[in-house]
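Right, one structure below, let's go through it.
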Amino acid sequence: MDDFHWKKNGSCFPSECWVHPLSQTLNRTAFVITFHYEELTAVLRLESLSLAQIERIVSKDVGMAAKILQLANSAFIGTRGRVSSLLQAVSLIGTESVRTLVLSVHVFSQCDGSSKVAAYLPALWDHSVAAASLAQGIATSESCTKAMVEESFTAGLLHDIGKVIFLSEMLDKYRHIVGTSRGSISELELEQLGCTHAQVGAYLMSIWAFRFLWCTLSPSTTYCSSNPMVRLR
Amino acid sequence: MPLSQLVKSSDEELKAELQLILNAIVEGLCGLDVEGNVTFCNDTLLKMTGYRADEIIGSNFHELLHHSRPNGTKYPAEDCAFQGNQRPSVHSCGG
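Chains as they are written, first to last, in my numbering: chain Z, 1 to 233; chain X, 234 to 328.
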């Protein structure tokens with residue numbers, strides 16, 4: 001559970017807790033709590049992050065570090081020569097993009113507990129990374145500002161995050177929707193689930209308080225296939 | 234070596250070994266009894282909170298570390314999942 005705990009000096013820190021019941025016998029350890037700093041939340045709240053800060057956080061997570069290095073070396077980024085240093089990779093991808101990447105990897109990793117769901121995630125991940133890189137490329141070729149280039153990457157990477165949630169929460173039902181869809185998948189989602197993956201993604205982003213993105217859909221908004229999930233400010 | 238001493242010696246060795254394992258864990262960790270009092274903890278938790286082991290062990294977890302909400306208002310012990318007889322079920326949540 002997300003929670004806060006207090007330090008001796010009077011400050012508090014956000015944490016995630018796991019509770020493991022052991023025994024119900026009196027005078028014995030009844031349960032064990034493990035918790036760690038919720039650095040991801042802290043990262044998202046910070047106004048600006050240095051490359052070194054990001055590298056420090058990312059390097060603690062082997063899976064995350066591998067994902068970032070993999071992306072930096074992928075054809076999407078288009079680098080010449082192999083990127084082997086995490087600092088170089090972060091610098092190449094951009095701080096804002098890495099922030100989004102950290103978030104996306106976290107969401108994907110939260111949903112891959114079931115092997116049935118996990119089977120769908122690599123393709124969705126590759127598609128999201130491709131969309132992010134193409135969006136970034138378009139913004140670059142249009143001579144957009146550096147901030148907008150990074151935001152384009154973010155929008156591309158997160159545009160299908162609602163699908164991850166659907167897969168994780170209602171795998172069989174969603175698999176059926178994907179399988180029977182002949183036209184717009186969003187219309188079928190709306191018809192059978194009452195909302196689209198874009199709306200779920202937009203809702204998630206509003207919870208995460210993405211300051212640089214506007215979520216253009218809300219649960220009360222009538223779905224229109226031309227509506228993007230997010231638009232750049 | 235007398236049997237009682239042997240048992241005591243291996244018990245201490247086992248405790249020391251367990252503590253080493255606990256201290257190697259990068260996440261903060263503590264054990265609570267049914268009253269919500271801390272029975273053991275690891276070094277990471279001490280670093281996170283700034284308390285010494287002797288200040289945490291034996292103390293009530295909620296009263297020491299979980300007493301208030303982030304906005305400073307009191308967090309009633311009866312609402313706390315780590316407190317007293319409200320034994321939580323197994324769950325793990327990410328952020």
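Glycine included, each C-beta is placed from N, C-alpha and C at the ideal position.
Exercise for review: Look at the alpha carbon of Z/Cys195 and the alpha carbon of X/Gly305, and state the distance between them as a whole number of angstroms.
Suggested key: As a first step, residue 195 of chain Z must be located in the first sequence, where it is residue number 195. As a first step, residue 305 of chain X must be located in the second sequence, where it is residue number 72. Their Cα atoms are separated by approximately 38 Å.
Exercise for review: Could you tell me which chain Z residues have their CB closer than 7 Å to the CB of X/Gly283, listed as they occur along the chain?
Suggested key: In the second sequence, the residue the question calls residue 283 of chain X occupies position 50. Under the 7 Å cutoff, chain Z gives Lys7, Lys8 and Asn9.
Review point. Does the segment 241-257 of chain X come within contact of the segment 273-287 of chain X, defined as at least 3 CB pairs closer than 8 Å?
Key: Contact between the segment 241-257 of chain X and the segment 273-287 of chain X is present, because at least three Cβ pairs lie under 8 Å.
Point to revise | Under 8 Å by beta carbon: chain X residues contacting Z/Phe13 | key: Within the first sequence, numbered from 1, the residue matching residue 13 of chain Z stands at position 13. Residues of chain X passing the Cβ test: Met281.
Point to revise | Contact under 8 Å by Cβ, Z/Ala135 with Z/Gly156 | key: In the first sequence, the residue the question calls residue 135 of chain Z occupies position 135. In the first sequence, the residue the question calls residue 156 of chain Z occupies position 156. For Z/Ala135 and Z/Gly156, yes; Cβs fall inside 8 Å.
Practice item. Give the C-beta separation of Z/Glu150 and Z/Ser97 to the nearest angstrom, bearing in mind that I take them to be a contact with Cβ-Cβ under 8 Å. Key: Residue 150 of chain Z sits at position 150 when you count from the first residue of the first sequence. Residue 97 of chain Z sits at position 97 when you count from the first residue of the first sequence. By a beta-carbon distance limit of 8 Å, Z/Glu150 contacts Z/Ser97. Their separation comes to about 5 Å.
Point to revise | 7 Å Cβ cut-off: residues of chain Z touching X/His300 | key: As a working mapping, residue 300 of chain X is identified with position 67 in the second sequence. Within chain Z, the residues whose beta carbon sits less than 7 Å from that of X/His300 are Trp6, listed in sequence order.
Practice item. Have a look at Z/Gln199, Z/Ile138 and Z/Gln70 and flag the residue whose alpha-carbon is nearest the alpha-carbon of Z/Val90. Key: Along the first sequence, one-based indexing puts residue 90 of chain Z at 90. Cα-wise, what sits closest to Z/Val90 is Z/Gln70.
Check your understanding: By how many angstroms is the C-alpha of X/Asp266 removed from the C-alpha of X/Arg285?
Key -> Here residue 285 of chain X refers to the residue found at position 52 when the second sequence is read from its first residue. Here residue 266 of chain X refers to the residue found at position 33 when the second sequence is read from its first residue. If I take the Cα positions, the gap works out to 19 Å.
Review point. Alpha carbon to alpha carbon, what distance is there between Z/Gly183 and X/Gly283?
Key: The count along the second sequence starts at 1 and reaches residue 283 of chain X at position 50. The count along the first sequence starts at 1 and reaches residue 183 of chain Z at position 183. Going by C-alpha positions, X/Gly283 is about 58 Å away from Z/Gly183.
Point to revise | Candidates Z/His176, Z/Asp172 and Z/Leu158: closest to Z/Val200 by CA position | key: One-based indexing of the first sequence puts residue 200 of chain Z at position 200. Residue Z/Leu158 is the option with its Cα nearest to Z/Val200.
Review point. With distances taken between CB atoms, is the gap from Z/Leu86 to Z/Ala119 smaller than 8 Å?
Key: Taking the first sequence and counting its residues from 1, one reaches residue 86 of chain Z at position 86. Taking the first sequence and counting its residues from 1, one reaches residue 119 of chain Z at position 119. In this structure, Z/Ala119 does not lie closer than 8 Å to Z/Leu86 by Cβ.
Practice item. Would you please state the rounded distance, in angstroms, between the beta carbons of Z/Val164 and Z/Val129? I believe it to be under 8 Å. Key: Within the first sequence, the letter at position 164 stands for residue 164 of chain Z. Within the first sequence, the letter at position 129 stands for residue 129 of chain Z. About 13 Å separates the CB atoms of Z/Val164 and Z/Val129; that is not less than 8 Å, and the two are not in contact.
Exercise for review: Work out the CA separation of Z/Leu124 and X/Leu239 for me, nearest whole Å.
Suggested key: Within the second sequence, numbered from 1, the residue matching residue 239 of chain X stands at position 6. Within the first sequence, numbered from 1, the residue matching residue 124 of chain Z stands at position 124. Going by the C-alpha atoms only, they are around 59 Å apart.
Check your understanding: Per DSSP, which one or two residues make a beta bridge with Z/His5?
Key -> On the first sequence, position 5 is the one that residue 5 of chain Z refers to. Partner(s): Z/Phe13.
Review point. Looking only at DSSP bridge pairs, what is X/Phe273 linked to?
Key: In the second sequence, residue 273 of chain X corresponds to position 40, counting from 1. X/Gly264, per the DSSP bridge assignment.
Check your understanding: Taking DSSP as the reference, what is the three-state secondary structure of X/Asn256?
Key -> Start at 1 with the first residue of the second sequence, and residue 256 of chain X comes out as number 23. The DSSP-derived three-state label of X/Asn256 is helix.
Point to revise | Start and end residues, alpha helix (DSSP H) containing Z/Ile165 | key: Working through the first sequence from its first residue, we reach residue 165 of chain Z at position 165. For Z/Ile165, the uninterrupted alpha helix (DSSP H) segment begins and ends at Ile161 to Glu169.
Review point. When you compare each of Z/Ser104, Z/Pro122 and Z/Leu167 to Z/Thr154 by their alpha carbons, which one comes out closest?
Key: On the first sequence, position 154 is the one that residue 154 of chain Z refers to. For the residues Z/Ser104, Z/Pro122 and Z/Leu167, the minimum Cα distance to Z/Thr154 belongs to Z/Ser104.
Review point. Would a check of beta-carbon distances place X/Pro303 closer than 8 Å to chain Z?
Key: Locating residue 303 of chain X in the second sequence gives position 70, where the first residue counts as 1. Residue-level contact check: X/Pro303 touches chain Z, since one or more beta carbons of chain Z fall below 8 Å from its beta carbon.
Exercise for review: Could you check what DSSP says for X/Ser301 in three-state terms: helix, strand or coil?
Suggested key: Working through the second sequence from its first residue, we reach residue 301 of chain X at position 68. Assigned with DSSP and collapsed to three states, X/Ser301 falls in strand.
Practice item. Please report how far the alpha carbon of X/Glu339 lies from the alpha carbon of X/Met281, in whole angstroms. Key: Absent from the model: residue 339 of chain X. The displayed extent of chain X is 234 to 328, so no value can be given.
Review point. Can you tell me whether Z/Arg56 is buried or exposed, with buried defined as 16 or more other CB within 10 angstroms of its CB?
Key: Indexing the first sequence from 1 puts residue 56 of chain Z at position 56. By the neighbour-count rule (16 or more Cβ atoms within 10 Å), Z/Arg56 is not buried but exposed.
Point to revise | Beta-carbon proximity check, Z/Val267 vs Z/Leu188, cutoff 8 Å | key: With chain Z represented from 1 up to 233, any question about residue 267 of chain Z goes unanswered, as that position is not in the structure.
**Study point:** Nearest-angstrom Cα separation, counted from X/Leu247 out to X/Gly291
**Key:** As a position in the second sequence, residue 291 of chain X is number 58, starting the count at 1. As a position in the second sequence, residue 247 of chain X is number 14, starting the count at 1. When rounded, the distance between both Cα atoms is 21 Å.
Review point. Does the distance from the C-beta atom of X/Pro303 to that of Z/Cys12 stay below 8 Å?
Key: As a working note, residue 303 of chain X is residue 70 in the second sequence. As a working note, residue 12 of chain Z is residue 12 in the first sequence. Yes, they are a contact pair.
Practice item. Pull up the distance between the alpha-carbon of Z/Val178 and that of X/Asp287, whole angstroms please. Key: Numbered from 1 along the first sequence, position 178 holds the residue referred to as residue 178 of chain Z. Numbered from 1 along the second sequence, position 54 holds the residue referred to as residue 287 of chain X. Their Cα atoms are separated by approximately 57 Å.
Practice item. Pick out whichever of Z/Leu193, Z/Ser186 and Z/Asp126 has its Cα sitting closest to the Cα of Z/Glu169. Key: Here residue 169 of chain Z is taken as the residue at index 169 of the first sequence, counted from 1. Of the candidates Z/Leu193, Z/Ser186 and Z/Asp126, the one whose C-alpha sits nearest the C-alpha of Z/Glu169 is Z/Leu193.
Check your understanding: Apart from the five residues just before and just after X/Gly264, which ones in its own chain have a Cβ nearer than 6 Å to its Cβ?
Key -> Looking up residue 264 of chain X in the second sequence gives position 31. Result list for X/Gly264: Thr272 and Phe273, in chain order.
**Study point:** Spatially closest choice to Z/Gly94 from Z/His127, Z/Ala132 and Z/Pro122, by CA coordinates
**Key:** Taking the first residue of the first sequence as position 1, residue 94 of chain Z is located at position 94. The shortest C-alpha separation from Z/Gly94 is found at Z/Ala132.
Review point. How many Å lie between Z/Arg82 and Z/Ile54 at the Cα?
Key: Start at 1 with the first residue of the first sequence, and residue 82 of chain Z comes out as number 82. Start at 1 with the first residue of the first sequence, and residue 54 of chain Z comes out as number 54. Cα-Cα distance, rounded: 20 Å.
Review point. Whole-angstrom Cβ separation of X/His295 and X/Gly269, contact assumed at under 8 Å?
Key: For the purposes of this step, residue 295 of chain X is taken as the residue at position 62 of the second sequence. For the purposes of this step, residue 269 of chain X is taken as the residue at position 36 of the second sequence. Indeed, because the Cβ distance is near 6 Å, the residues count as touching under 8 Å.
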